[in-house]
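Last residue of the sequence shown: 209 (UniProt numbering), numbering continuous. Single-structure report; data block below.
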Amino acid sequence: MAESPGLRERKKLRTRRALIEAALGLFVEKGYEETTLAEIAAAVDISPRTFFSYFATKEDVIFFDSQARLDRALAMLAERRPGETVAELMLRVVENSLDWAAAPDDEAMGLTAARVHLIMSVPALQARTLHVLVNSQRRLAEALHRAHPEELDLIEAFALVGALLGAPTITAMALLDRGDPPDQVWAAARQALDIAVQGLRWVGSPYRP
């Protein structure tokens, strides 16, 4: 069983959470470009220098969980279950990511709608989003291919990752930006995932067109 974080670590986690909440609140209230790092730090009663102990840029606050989600997905790809097909493995990875985003105790819960709206409306964040999505999908596809080169080639790996990740991601972002309730958003994202799965049932089968 994992050890509970110590007092110092808990304090750091609380400060990090406070920075994320303060930054998003200021971005929504004042505008992303108009908000300074100094204002974010002041809202949490820390110095700008201390801010850089948590995040390198304002953009990093918006994408605070991107690397952790990618690392978790990569770890799952490396731990394929006995008898699990490639498609089933990738489906499990995507469903786990959706569960993480929708979990009541997840760090992002309650912040998702605000940050999606910012991402959809601020050009600098749109560019960073594209970079994050492309980089993440490329790394996942390459990892999937390396782990199972006898079952699918690199193009098939890119197609599989792109379809199964892209469908629920764009659905969730569009509906959150529209203001739909979170439970409806995650239900729609899973529906989009099911639709994508229907078109990928040939993956891992003896016949490929």
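A virtual CB, placed ideally from N, CA and C, is assigned to each residue, including glycine. Here the structure is a predicted model, which is why all the values come from computation and not from measurement.
Within the model, the alpha-carbon separation for D45 versus L125 is close to 26 angstroms. If the five residues before and after L37 are omitted, its C-beta is found closer than 7 angstroms to the C-beta atoms of P48, F51, K58, all from its own chain and listed in chain order. Distance from the CA atom of E84 to the CA atom of Y32, rounded to whole angstroms, is 44 angstroms. For F63, there is no enclosing alpha helix (DSSP H), since its DSSP letter is neither H nor E.
Classified as exposed, A68 has fewer than 16 neighbouring CB atoms from the shown chains inside 10 Å of its CB. When the Cα atoms are used, R17 and A43 turn out to be separated by approximately 12 angstroms. By the neighbour-count criterion, in which 16 or more other beta carbons inside 10 Å mark a residue as buried, V86 falls on the buried side. Listed in chain order, the beta strand (DSSP E) elements of length 3 or more contained wholly in the stretch 75-160 amount to none. Looking at D183, A163, R128, P182, the one whose alpha-carbon comes closest to that of A196 is A163.
By the C-beta density criterion, E156 is buried, having at least 16 other C-beta atoms within 10 angstroms. Scanning its chain for C-beta atoms nearer than 7 angstroms, with the 5 sequence neighbours on each side dropped, one finds around A73 the residues V93, S97, L140, in chain order.
For I20, the enclosing alpha helix (DSSP H) starts and ends at 7-30. Judged by DSSP in its simplified three-state form, E39 adopts helix. Beyond the five residues adjoining it in sequence on each side, T129 comes within less than 6 angstroms, by CB distance, of I119 in the same chain, given in chain order. By the Cβ neighbour-count rule, Q137 is buried, with 16 or more other Cβ atoms within 10 Å of its own. Our two residues, I40 and L26, have alpha carbons roughly 7 angstroms apart in a direct line. C-alpha of P168 to C-alpha of R10: approximately 33 angstroms in a straight line. Rounded to the nearest whole angstrom, the CA to CA distance from L133 to I170 is 11 angstroms. Between E29 and the set A187, A192, P181, A114, the nearest pair of CA atoms involves A114.
Straight across, the Cα-Cα distance linking H148 with W186 is about 30 angstroms.
Residue state for T171 is assigned as helix, using DSSP reduced to three classes.
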